[in-house]
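Undergrad: Going down the list, the sequences are from chains V and F. Per my numbering, the very first residue in the first sequence carries number 91; after that it's consecutive. Per my numbering, the very first residue in the second sequence carries number 417; after that it's consecutive. Don't be surprised by glycine CBs; every beta carbon is placed ideally from N, CA and C.
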Amino acid sequence: MAAIKSTWPLIAVGLLLEHLPAGADVLPDQRVDALYHSYSGGGVTVSGPSVLVLKHIGQNADVSGNYYVDTVSSASIDVVSTASPYSEQRTQGNISFGYLHDKTTFNMGYTNSTESDYKANTANFDMTQSLFGDMTTVSMGYSRGWDTVGKNGQPSFSASLDRQNYTLGLSQVLSKDLLIDTSYELVTDQGFLNNPYRTVRYLDPGSGKGYSYEPERYPKTHTSNALAVTARYYLPYRARLQGEYRYYTDTWGIKAHTMALGYLQPLHDKWSLDVNYWYYTQGKADFYSDLFPYQNAQNYLARDKELSSFNSQSFGMGLSYDFTRTNWKAINKSTLNVAYNHMLFSYQDFRDVTQGGAPGQEPLYSFSADVVQLYLSVWF
Amino acid sequence: MSLHNYLLPALCLTLVGCGHIEPWVKPYERAHLADPIMSADPNPVSSAYLNHVHEAREGARGADGGHGGGCGCN
Chain V
91 MAAIKSTWPL
101 IAVGLLLEHL
111 PAGADVLPDQ
121 RVDALYHSYS
131 GGGVTVSGPS
141 VLVLKHIGQN
151 ADVSGNYYVD
161 TVSSASIDVV
171 STASPYSEQR
181 TQGNISFGYL
191 HDKTTFNMGY
201 TNSTESDYKA
211 NTANFDMTQS
221 LFGDMTTVSM
231 GYSRGWDTVG
241 KNGQPSFSAS
251 LDRQNYTLGL
261 SQVLSKDLLI
271 DTSYELVTDQ
281 GFLNNPYRTV
291 RYLDPGSGKG
301 YSYEPERYPK
311 THTSNALAVT
321 ARYYLPYRAR
331 LQGEYRYYTD
341 TWGIKAHTMA
351 LGYLQPLHDK
361 WSLDVNYWYY
371 TQGKADFYSD
381 LFPYQNAQNY
391 LARDKELSSF
401 NSQSFGMGLS
411 YDFTRTNWKA
421 INKSTLNVAY
431 NHMLFSYQDF
441 RDVTQGGAPG
451 QEPLYSFSAD
461 VVQLYLSVWF
Chain F
417 MSLHNYLLPA
427 LCLTLVGCGH
437 IEPWVKPYER
447 AHLADPIMSA
457 DPNPVSSAYL
467 NHVHEAREGA
477 RGADGGHGGG
487 CGCN
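Here is the structure:
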């Protein structure tokens, strides 16, 4: 299925450096992570591996690579309403290089993502500078993406999408127990932004159901701004409390708020427990409607539930076990980790047409999802 | 006197002043901040995956430390 939304968090050095506490004058740790992930909800299952390796090159440079796979089986509400269930696979590879000079770190990377009907190439450059006795870390980054959108069953269909991301970050030590990170990101896309398979519905008295479908139609540009603030506080009994807020706005009229809370508690020497909660709410895009009054009702048409008004919550828990043995000379630390998240999505203007009812009076759609991660981390 | 006559000296003073800021949390007071539990992203392979899960199902994007790429949404 097409991949329209245009950001996927890269697992790379840039990410590590951007979130280092003040004092970014050391390279990130050498490590290997091997993860199995599984998402199940709303008729969709997605699972696969992700492997991340980060290795130093001498005293001042590092290289990292990530290999990630999504194996998707979808009978989502969109699919069962207007199409047939499908399966597909997305594979993503990334390579990044970092270079440290005194208090400045440079990072550049390249990412490729491939599906049967979507190809994305992204190049990024990031820079991090530590200031004021390592009390402050500023970062900035730029990435450029070139995507090609296809359509399965229609080999002649090909469209392009260009993406640009600008990031600014500020990490500040406020006290001996409190750190605060602020980050801003501007994303601007130009090209084919809608999904070549997705449709919108409109009232059609001549149809047996009272409505019919036509292809969705999006603007050719999309620019968004996101500002996030994260605070981390060290509790006196050695635990961490974390809070995050993000505000989002874009040229399609979507405004969104994200709030997250996390609590990390080490248990004895070997175990640690992480509990987290995530709340997200957004208003709909200007050109979204669950049911348009007639065919071609306006220039732009969307019925993607991700562009509707909705809120979601996630309740998460993670457990980590450190199984390092003292006689392992080449390994500094090794952990086995399991994490589970239960997510709830509740839509305010997206209706479940599979439940029947008069057009526009069907029950509002909602669903839950379960996310499981199992991963091994080794520092060397 | 134009605005520039004030702005330039003010900017210079600010920059010079910043160069002499004394860290109010001394290096020897940063044991808690240096504890691995205070790391912003102790599990990058996991946090990147979870960010992807959220981004694939939400309208919002950005300010999460990631870079562009494919999605595997829908």
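Taking the CB atoms as reference points, tell me whether V:Thr311 and V:Asp279 lie closer together than 8 Å.
TA: To locate residue 311 of chain V, count along the first sequence from 1; it is residue 221. To locate residue 279 of chain V, count along the first sequence from 1; it is residue 189. Against a cut-off of 8 Å, the Cβ pair of V:Asp279 and V:Thr311 comes out as a contact.
Undergrad: Could you tell me which chain F residues have their CB closer than 7 Å to the CB of V:Ser314, listed as they occur along the chain?
TA: In the first sequence, the residue the question calls residue 314 of chain V occupies position 224. Neighbours of V:Ser314 on chain F, chain order: Arg477, Gly478.
Undergrad: Quick one, are the C-beta atoms of V:Tyr392 and V:Gln372 less than 8 Å apart?
TA: Taking the first sequence and counting its residues from 1, one reaches residue 392 of chain V at position 302. Taking the first sequence and counting its residues from 1, one reaches residue 372 of chain V at position 282. The displayed chain sequence assigns Ala, not Tyr, to residue 392 of chain V. No, Cβ-Cβ distance for V:Ala392 and V:Gln372 is not below 8 Å.
Undergrad: Closer than 8 Å by C-beta to V:Phe470: which residues in its own chain qualify, once you throw out the five before and the five after it? Chain order, please.
TA: Along the first sequence, read from residue 1 onward, the residue named residue 470 of chain V stands at position 380. Excluding positions up to five away in sequence, the list reads Gln120, Arg121, Val122, Ala420, Ile421, Asn422.
Undergrad: I'd like to check one pair, V:Tyr256 with V:Tyr384: are the Cβ atoms closer than 8 Å?
TA: Counting from one through the first sequence, the residue named residue 384 of chain V turns up at place 294. Counting from one through the first sequence, the residue named residue 256 of chain V turns up at place 166. No, the pair does not count as a contact, with Cβ atoms beyond the cut-off.
Undergrad: Would a C-beta distance cut-off of 8 Å place V:Leu454 and V:Val428 closer than the cut-off?
TA: Position 364 of the first sequence, counted from the start, is the residue given in the question as residue 454 of chain V. Position 338 of the first sequence, counted from the start, is the residue given in the question as residue 428 of chain V. Going by C-beta atoms, V:Leu454 is not nearer than 8 Å to V:Val428.
Undergrad: Quick one: which unbroken alpha helix (DSSP H) runs of 4-plus residues sit fully inside the segment 438 to 482 of chain F? Chain order, please.
TA: Counting whole runs of 4 or more residues, the segment 438 to 482 of chain F contains the alpha helix (DSSP H) stretches 447 to 450, 460 to 473.
Undergrad: Measure the beta-carbon distance from V:Phe435 to V:Ser467 and round it to whole angstroms, keeping in mind my assumption that it falls under 8 Å.
TA: The count along the first sequence starts at 1 and reaches residue 435 of chain V at position 345. The count along the first sequence starts at 1 and reaches residue 467 of chain V at position 377. Actually they are not in contact, since the Cβ atoms of V:Phe435 and V:Ser467 sit about 30 Å apart, beyond 8 Å.
Undergrad: Between which two residues does the alpha helix (DSSP H) holding V:Thr172 run?
TA: As a working mapping, residue 172 of chain V is identified with position 82 in the first sequence. Its alpha helix (DSSP H) spans residues 167 to 172.
Undergrad: Is there a C-beta anywhere in chain F that falls below 8 Å from the one on V:Tyr89?
TA: Chain V is shown only over 91 to 470; residue 89 of chain V falls outside these bounds and no answer can be derived.
Undergrad: Which residues in the same chain as V:Val170 place their Cβ atom closer than 7 Å to its Cβ, once the five residues preceding and following it in sequence are excluded?
TA: By 1-based counting over the first sequence, the position of residue 170 of chain V is 80. For V:Val170, where only same-chain residues beyond five positions count, the Cβ hits under 7 Å are Gly133, Thr444.
Undergrad: Look at the alpha carbon of V:Ser96 and the alpha carbon of V:Glu334, and state the distance between them as a whole number of angstroms.
TA: Walking along the first sequence from the start, residue 96 of chain V turns up at place 6. Walking along the first sequence from the start, residue 334 of chain V turns up at place 244. Its pLDDT being 41, under 50, V:Ser96 is placed unreliably by the model, and the measurement read from it follows with that caveat. For V:Ser96 and V:Glu334, the distance between alpha carbons rounds to 23 Å.
Undergrad: Among V:Gly281, V:His191, V:Ser398, which one has its Cα closest to the Cα of V:Asp115?
TA: Numbered from its first residue, the first sequence carries residue 115 of chain V at position 25. With distances taken between Cα atoms, V:Asp115 lies closest to V:His191.
Undergrad: What is the C-beta distance between V:Val277 and F:Val469, in whole angstroms, given that I count them as a contact (C-beta under 8 Å)?
TA: For the purposes of this step, residue 277 of chain V is taken as residue 187 along the first sequence, with counting starting at 1. For the purposes of this step, residue 469 of chain F is taken as residue 53 along the second sequence, with counting starting at 1. 18 Å between Cβ atoms; not a contact.
Undergrad: Whose Cβ in chain F lies nearer than 9 Å to the Cβ of V:Arg336?
TA: Counting from 1 along the first sequence, the entry for residue 336 of chain V is found at position 246. Neighbours of V:Arg336 on chain F, chain order: Ala476, Gly478, Ala479, Asp480.
Undergrad: Which residue marks the beginning of the beta strand (DSSP E) containing V:Phe440, and which one marks its end?
TA: Indexing the first sequence from 1 puts residue 440 of chain V at position 350. Counting along the chain, the beta strand (DSSP E) containing V:Phe440 begins and ends at 423 to 441.
Undergrad: Mind pulling the chain F residues with CB within less than 8 Å of V:Asp271?
TA: To locate residue 271 of chain V, count along the first sequence from 1; it is residue 181. Ala456, listed in chain order.
Undergrad: Taking the beta carbon of V:Arg328 as the centre, do at least 16 other beta carbons fall within 10 Å, making it buried, or is it exposed?
TA: Here residue 328 of chain V refers to the residue found at position 238 of the first sequence. It counts as exposed.
Undergrad: Who are the near neighbours of V:Ser203 in its chain, counting only those whose CB is closer than 6 Å to its CB and skipping five residues on each side?
TA: Taking the first residue of the first sequence as position 1, residue 203 of chain V is located at position 113. The answer, listed in chain order, is Gln182, Ala210.
Undergrad: Please go through the segment 349 to 407 of chain V and give each complete beta strand (DSSP E) segment of 3 or more residues, from N-terminal end onward.
TA: Those beta strand (DSSP E) runs which fall completely within the segment 349 to 407 of chain V and span 3+ residues are 361 to 372.
Undergrad: Give me the residue from V:Glu306, V:Met407, V:Gly352, V:Glu205 with the minimum Cα distance to V:Tyr390.
TA: Counting from one through the first sequence, the residue named residue 390 of chain V turns up at place 300. It is V:Glu306.
Undergrad: When you compare the segment 233 to 251 of chain V with the segment 438 to 453 of chain F, are there three or more beta-carbon pairs, one atom per stretch, that lie closer than 8 Å?
TA: No: fewer than three Cβ pairs fall under 8 Å.
Undergrad: Quick one, which residues of the segment 222 to 236 of chain V are near chain F if we go by CB-CB under 9 Å, in chain order?
TA: Hits within the stretch, in order: Phe222, Gly223, Asp224, Met225, Thr226, Gly231, Ser233, Arg234, Gly235.
Undergrad: Can you list, in chain order, the residues of the segment 450 to 468 of chain V whose Cβ is nearer than 9 Å to any Cβ on chain F?
TA: The residues in question are Ala459, Val461, Gln463, Tyr465, Ser467.
Undergrad: With 16 as the cutoff for other CB atoms within 10 Å, does V:Pro111 come out buried or exposed?
TA: The sequence position of residue 111 of chain V within the first sequence is 21, counting from 1. Low confidence applies here, because V:Pro111 scores a pLDDT of 42, under 50, leaving its location unreliable; read the following figure in that light. With 16 or more Cβ atoms within 10 Å of its Cβ, V:Pro111 is classed as buried.
Undergrad: Determine whether the Cβ of F:Gly484 lies closer than 8 Å to any Cβ atom of chain V.
TA: To locate residue 484 of chain F, count along the second sequence from 1; it is residue 68. Low per-residue confidence applies at F:Gly484: pLDDT is 48, beneath 50, and the placement is therefore not dependable, though the value from the model is reported in the following sentence. Yes, F:Gly484 lies at the interface with chain V (some Cβ there is under 8 Å from its Cβ).
Undergrad: State the DSSP-derived secondary structure class of V:Gln445, mapped to helix, strand or coil.
TA: Along the first sequence, read from residue 1 onward, the residue named residue 445 of chain V stands at position 355. Of the three classes helix, strand and coil, the one that applies to V:Gln445 here is helix, per DSSP.
Undergrad: If you follow the beta strand (DSSP E) that V:Met230 is part of, which residue opens it and which one closes it?
TA: As a position in the first sequence, residue 230 of chain V is number 140, starting the count at 1. From DSSP, the beta strand (DSSP E) with V:Met230 extends over 226 to 240.
Undergrad: Alpha carbon to alpha carbon, how far is V:Gly240 from V:Gly155?
TA: Mapped onto the first sequence, residue 240 of chain V falls at position 150. Mapped onto the first sequence, residue 155 of chain V falls at position 65. Straight-line Cα distance between these residues: approximately 27 Å.
Undergrad: Can you list the residues of chain F that V:Pro356 reaches, using a CB-CB cut of under 8 Å?
TA: If you number the first sequence from 1, residue 356 of chain V lands on position 266. Near V:Pro356 (Cβ distances below 8 Å), the residues of chain F are Ile453.
Undergrad: Tell me which same chain residues have a C-beta within less than 6 Å of the C-beta of V:Gln254, skipping the five on either side of it?
TA: Locating residue 254 of chain V in the first sequence gives position 164, counting from the first residue. Within the same chain, V:Gln254 has close Cβ partners Arg234, Thr278.
Undergrad: Taking the straight line between their C-alpha atoms, what separation do you get for V:Pro99 and V:Leu357?
TA: What you label residue 99 of chain V is simply residue 9 of the first sequence in a count that begins at 1. What you label residue 357 of chain V is simply residue 267 of the first sequence in a count that begins at 1. Note that V:Pro99 has pLDDT 38, beneath the 50 cutoff, so the model's placement of it is unreliable and no number is given.
Undergrad: So, using beta-carbon positions, are V:Gly138 and V:Asp168 closer together than 8 Å?
TA: Walking along the first sequence from the start, residue 138 of chain V turns up at place 48. Walking along the first sequence from the start, residue 168 of chain V turns up at place 78. In this structure, V:Asp168 does not lie closer than 8 Å to V:Gly138 by Cβ.
Undergrad: Can you tell me where the beta strand (DSSP E) holding V:Ala316 begins and where it ends?
TA: As a working note, residue 316 of chain V is residue 226 in the first sequence. V:Ala316 -> beta strand (DSSP E) spans 311 to 325.
Undergrad: Once DSSP output is grouped into helix, strand and coil, what is the label at V:Glu205?
TA: Taking the first sequence and counting its residues from 1, one reaches residue 205 of chain V at position 115. Looking at V:Glu205 - three-state DSSP - the assignment turns out to be strand.
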